[in-house]
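As structure tokens, the structure follows; a few thoughts come after it.
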Amino acid sequence: MDFRFTQKGKCVYIIMLNRADAQEAVIRSFAGMNPQIKRVDVLGKGKAKYVCDAQSLRVPLPAGTWPIPVIRVTLR
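Quick note on numbering that gives the first Met the number 0: the sequence shown kicks off at 0 and runs consecutively.
Encoded structure:
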């Protein structure tokens, strides 16, 4: 998976390029950051359930986020 990142204040926006058939975004750059994450949203769809562990941040991609989903991670 290929991502681009941008930040404004405490929000990091993750633009997912080359989605293909992915049902979830697996973002290794956020591995181990669970204590710093306050909230995760998929823009246009609202709050997202996510899993953040030592390997990655995984965010399910709801239907209707085609072609380019944008994920907002709000940090503490």
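Where is the CB? At the ideal position from N, CA and C, for every residue including glycine.
Burial state of residue i, where buried means 16 or more other Cβ atoms lie within 10 Å
i	result
P56	The sequence given here places Leu at residue 56; Pro does not occur at that position. The residue is buried, with at least 16 neighbouring Cβ atoms inside 10 Å.
M0	exposed
I70	buried
A30	exposed
Residues that DSSP places opposite residue i in a beta bridge
i	result
M15	F2
R75	BP columns for R75 are empty, so no partner.
K46	D40
R57	V25, V50
Cβ separation of residue i and residue j, assumed to be a contact under 8 Å, to the nearest whole Å
i	j	result
I14	V72	So it is not a contact: roughly 12 Å between Cβ atoms.
P66	A24	Contact flag wrong, Cβ pair sits at about 14 Å.
K7	L74	11 Å between Cβ atoms; not a contact.
Minimum Cβ-Cβ distance from residue i to chain B less than 9 Å
i	result
L16	Structure shown: chain B not included; a single protein chain is present.
Exercise. Decide if the stretch 0–10 is in contact with the stretch 42–55; the criterion is three or more beta carbon pairs, one per stretch, under 8 Å apart.
Key: The answer is no - the stretch 42–55 does not touch the stretch 0–10, with fewer than three Cβ pairs under 8 Å.
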